[in-house]
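The first sequence: position 458 = 473 (my numbering), numbered continuously. Some notes on the structure that comes next.
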Amino acid sequence: MQQLENSIKAALSAAIQQVFSAQVPAEQLTLQPTRKDFAGSFTLVTFPLTKALGKGPEQIGQALGEWLTANEARVSGFNVVKGFLNLEIADSEWVRLFTELSQRPDNAPVPTGGPQQVVVEYSSPNTNKPLHLGHLRNNFLGYSVAEILKATGATVTKANLVNDRGIHICKSMLAYQQYGQGETPQEAGIKGDHLIGKYYVLFEKHYREQVRQLEAEGVASDIAKRQAPMMLEAQDMLRAWEAGDEEVVSLWRQMNGWVYEGFDETYATIGVDFDKMYYESETYLLGKERVEEGLQKGVFFRKDDGSVWVDLKEEGLDEKLLLRADGTSVYITQDLGTAELKYQDFGYDLSVYVIADEQNYHMQVLKAVLKKLGKPYADAIYHLSYGMVDLPSGKMKSREGTVVDADELVQEVTEAAKEVTLQKGRLEGMTEAEKNRLFHMLGMGALKYYLLKVDPKKRMLFNPEESVKLEGDTGPFIQYSHARISSLRQKAATMNVGENIPEQVGVLHEVERELIQLVARYPDAVSEAAKAYSPALIAQYAYDLAKTYNRFWNEVPVLQDPDEAKRSFRVALSAQTGRFIKASMLLLGIDVPERM
RNA sequence: GGUCACGUAGCUCAACUGGAUAGAGCACCUGGCUACGAACCAGGAGGUUUGGGGUUCGACUCCCUACGUGACCA
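Written out as structure tokens, the structure reads:
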């Protein structure tokens, strides 16, 4: 489609040369898809040309339209409305374009001239609690963006940086020591990540009680928060961990192990994967080396108390602490180390960080610091900043217990999909296992599509009732369209209708033309989505494709048409639509069924 | 206090990066299954794009300002 558009532009540029004897390079022309209410496929906006050509917008449109229909075989007609020249493309050209696309292998890359070695870091959980709704947006985005970049031909590594050390996990450990009585996930019958989460909550509960008590005794609030015994103990534990205390380290290992088992189960269920795992416990020391490097290069400075800082005022930021006075690291310290390590491992020319927008400032600082250090990979860092997920009741707050648990949510959407599918689905002859796989596929389709169809940058609202809907602008709507196509193809096969594209198709139906144009846009959709790091563009495309196909289904007979050529052509068009629906959905991490 | 986002139909989201009469879905109303799958399709109603100013042939989009929401920095 892009090619066709470019060659039309070139033709327009030539037309301007011929008719007005003026030079207007093709790149300067604004060509856009024609709006639905007008005839034509491409529209040239002629307003910008009036000055250069010294004519009115209608006059220009008329003259160019006439020249093109006479001299350019692919342009079959035109009309001018105010400053808009609408060009109609010959049906033969659409059929030719479609034929070309049908021969394209499904996994052919869409070259964009973009980065080739890519690392996408996403998920990046803390190990003190199970995944929740916010993590789901992150996971789905990261997975999808990685797949989209792969589709452009890049070599992509999916990385997960696990935050396995720090005060948060010590809190869970402490509570477990005090109240756990050695229980294991197996004994408790709870997933490991949920078990650890339970103790984290327990810590918070008792800790807050202690703070309240201290306050009742007249201690100031901020002091009480720092002096509460459980907080002091947790900090002791962190120090013991850093010192390598055997007992603490072994408990830490055991509890993190449980969490990983739980996470792995969740990752498998939601269908995301990673090529490389990083653990902060293994990388945080590397960050200190970078700080040392910065001190030696003179781009960082040490304050009297021994803490290390960087001055980013010239970059429009502030002074930033890099290492505490006691030599312990802060978040950014370890990020410096991990960035270096990733570069050593993969030599990326693009490193994507899928991180919520609350860390915009932090990521700016990271990039600026790496630049100060003169790191060649600083500019390759891209922060894919996404908005928070709100609930109808407001913000999710773990303190108030309003977080939506990922595992529970997956369960719910699957259950909802099951209910409807049992009622309306065509499940004859399917085994129980196949049925369950289908329910899961549809439930996840609904959930993933719901979270991915919104522009990543924007904060979004998660409405539980809407997220399990299967009608309208939803994943299952698109999955349904695919199932329909599969069914049609099967029937076509039994009726001996081929999927070949005949030499002569005749005049196209308007909706056929529209469908071909959409199908032809697939590579453009992928490349736009890659450039914008936006799965939402793919979701939008898949929806348009399914929607237009359904209109085609309702308005045009396929197997019933008396003309044999039309029958095969329409089956071929259906088949290709199905392939691109599937390809698009797979880019979102959503699988599509043959029937449902 | 400072910095940065965002504000579009009752609700949830689009709008090709400055182009035509701002589009979809949900909800509401009307119509279409003895047709290849009705989880579908067609139609109706619903908008001062938060308010106010400016830039230009043209502004949801860019600039200024007020209000509202959110995040971050101490």
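Here a beta-carbon is modelled for each residue, glycine too, at the ideal position from N, C-alpha and C. Predicted model, so just to flag it, every value in this text is computed and none were measured.
Sub-8 Å separation of residue i and residue j beta-carbons
i, j, result
"Ala590", "Gln519", "no"
"Val573", "Arg582", "yes"
"Leu112", "Ile531", "yes"
"Gly440", "Met611", "yes"
"Ala161", "Val135", "yes"
"Ser482", "Leu462", "yes"
"Pro126", "Gly168", "yes"
"Leu424", "Tyr397", "no"
"Asn175", "Ser138", "yes"
"Thr489", "Glu529", "no"
"Lys206", "Glu280", "yes"
"Leu68", "Leu100", "no"
"Leu338", "Val367", "no"
"Glu248", "Leu189", "yes"
"Leu148", "Val419", "yes"
"Val60", "Gly98", "yes"
"Gly409", "Ala431", "no"
"Arg180", "Trp256", "yes"
"Arg152", "Tyr401", "yes"
"Val306", "Tyr158", "no"
"Ala557", "Ser501", "no"
"Gly76", "Val95", "yes"
"Gln250", "Ile182", "yes"
"Gly460", "Pro491", "yes"
"Gln349", "Thr298", "yes"
Minimum C-alpha distance to residue i - residue among the options
i, options, result
"Lys220", "Met245, Tyr299, Gln250, Asp326", "Met245"
"Gly362", "Ala395, His377, Lys410", "Ala395"
"Gln192", "Gln201, Ile211, Val234", "Ile211"
"Leu46", "Phe62, Leu588, Phe35, Arg566", "Phe62"
"Leu476", "Met403, Gly157, Arg254", "Met403"
"Ala498", "Ile104, Arg594, Thr446, Thr172", "Arg594"
"Glu380", "Glu330, Gly409, Glu427", "According to the sequence provided, residue 380 is Val. The question's Glu does not apply to it. Of Glu330, Gly409, Glu427, the residue nearest in Cα terms is Glu330."
"Gln17", "Leu457, Pro48, Tyr158, Tyr358", "Pro48"
"Phe155", "Leu603, Val607, Pro608, Glu609", "Leu603"
"Ala105", "Pro124, Leu83, Asp121", "Leu83"
"Pro391", "Gln359, Val369, Ser413", "Gln359"
"Ala123", "Leu485, Met252, Ser542, Val226", "Ser542"
"Asn511", "Gln575, Asn451, Pro491", "Gln575"
"Phe278", "Asp208, Glu202, Glu415", "Asp208"
"Gly129", "Lys318, Thr170, Lys357", "Thr170"
"Val526", "Ala547, Thr509, Trp568, Gln225", "Trp568"
"Glu443", "Val369, Ile23, Glu609", "Glu609"
Same chain, Cβ closer than 7 Å to residue i, neighbours up to 5 away in sequence not counted
i, result
"Leu336", "Ser322, Trp324, Val345"
"Asn25", "According to the sequence as given, residue 25 is Ala; it is not Asn. Contacts found: Ala41."
"Ala393", "Lys382, Leu385, Lys386"
"Trp109", "Leu523, Arg528, Ile531"
"Thr284", "Val425"
"Tyr495", "Met611"
"Ile163", "Val541, Ala544, Ala545, Pro550, Ile553, Leu602"
"Asn565", "Ser496"
"Leu229", "Ala239, Gln242, Ala243"
"His455", "Thr429"
Beta-carbon contacts of residue i that lie in its chain and below 6 Å, excluding the five residues immediately before and after
i, result
"Met102", "The sequence as given places Leu at residue 102; Met does not occur at that position. Within the same chain, Leu102 has close Cβ partners Gly55, Phe57, Val90, Phe93."
"Thr172", "Val134, Asp290, Lys291, Phe361"
"Glu427", "none"
Neighbourhood of residue i by C-beta, 8 Å cutoff - its chain only, sequence neighbours within 5 removed
i, result
"Leu116", "Val534, Ala535, Tyr537, Gln591"
"Leu332", "Tyr376, Gln379, Val380, Ala383"
"Phe316", "Leu310, Val323, Trp324, Val325, Asp326"
"Arg504", "Glu514, Val586, Ser589, Ala590, Gly593"
"Thr417", "Leu406, Ser408, Gly409, Lys410, Met411"
Would the region 135 to 148 and the region 207 to 217 be scored as touching if the rule is three or more Cβ pairs under 8 Å? yes
Restricting to runs no shorter than 3 residues, where is the beta strand (DSSP E) found entirely within the region 284 to 357? 291 to 294, 315 to 317, 323 to 326, 334 to 338
Fully enclosed by the region 52 to 116, which alpha helix (DSSP H) runs are 4 residues long or longer? 65 to 68, 72 to 86
Are the region 462 to 472 and the region 539 to 556 in contact at 8 Å, needing three or more beta carbon pairs? yes
Quick check on the DSSP output: what are the complete beta strand (DSSP E) runs of length 3 or more inside the region 348 to 415, in order along the chain? 365 to 371, 396 to 401
Contact between the region 267 to 285 and the region 114 to 133: three or more CB pairs below 8 Å? no
Would you be able to state if there are at least three C-beta pairs under 8 Å between the region 351 to 360 and the region 297 to 307? yes
Taking only runs that begin and end inside the region 143 to 211, name each unbroken beta strand (DSSP E) of 3 or more residues, in chain order. 170 to 177
Contiguous alpha helix (DSSP H) assignments of at least 4 residues, all confined to the region 219 to 292: 236 to 242, 244 to 257, 261 to 285
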